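> Numbering (this note's numbering), first residue to last: 640 to 710.
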Amino acid sequence: MSAESPVNEKASVHGDTKDEVRVVTEDLFTDDAVDPVYQAKARILNDAIQEIGMGRYQWGLFVVTGFGWLA
């Protein structure tokens with residue numbers, strides 16, 4: 640499994656410059672090991688999480704749900 644980093648490039652959006660991040664997701668399982676519908680949904684969710692990133696809110700939510708899971 641090769642580690643690929645997201646590619647940053649400048650793009651013009653309505654006259655402003657904005658950094659775009661392309662997300663590259665790699666599957667851990669072969670196509671026949673996991674249900675294809677589940678795999679497609681997981682890929683969409685993983686791409687969205689990668690695009691959003693882990694900000695302060697996401698880390699806080701992660702900690703709160705972790706404590707809820709432990710209880």
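Glycine included, each C-beta is placed from N, C-alpha and C at the ideal position. Computed from a prediction, not measured in an experiment: that's the story for all the values here.
Taking only the alpha-carbon atoms, compute the straight-line gap between arginine 703 and asparagine 685 and give it to the nearest angstrom.
Per the sequence presented here, residue 703 reads as valine, with arginine not at that position. Valine 703 and asparagine 685: Cα-Cα distance of roughly 21 Å.
> Quick one: Cα of glutamate 606 to Cα of tyrosine 677, how far?
Lying outside 640 to 710, the shown extent of the chain, residue 606 is not represented and no answer is given.
> Have a look at alanine 679 and valine 673 and give me their C-alpha separation to the nearest angstrom.
Computed Cα separation, rounded: 10 Å.
> In whole angstroms, give me the CA-to-CA distance for leucine 700 and proline 675.
The alpha-carbon atoms of leucine 700 and proline 675 are separated by roughly 29 Å.
> Could you pull the start and end residues of the alpha helix (DSSP H) that glutamate 665 belongs to?
Counting along the chain, glutamate 665 falls outside any alpha helix (DSSP H), and DSSP gives it neither H nor E.
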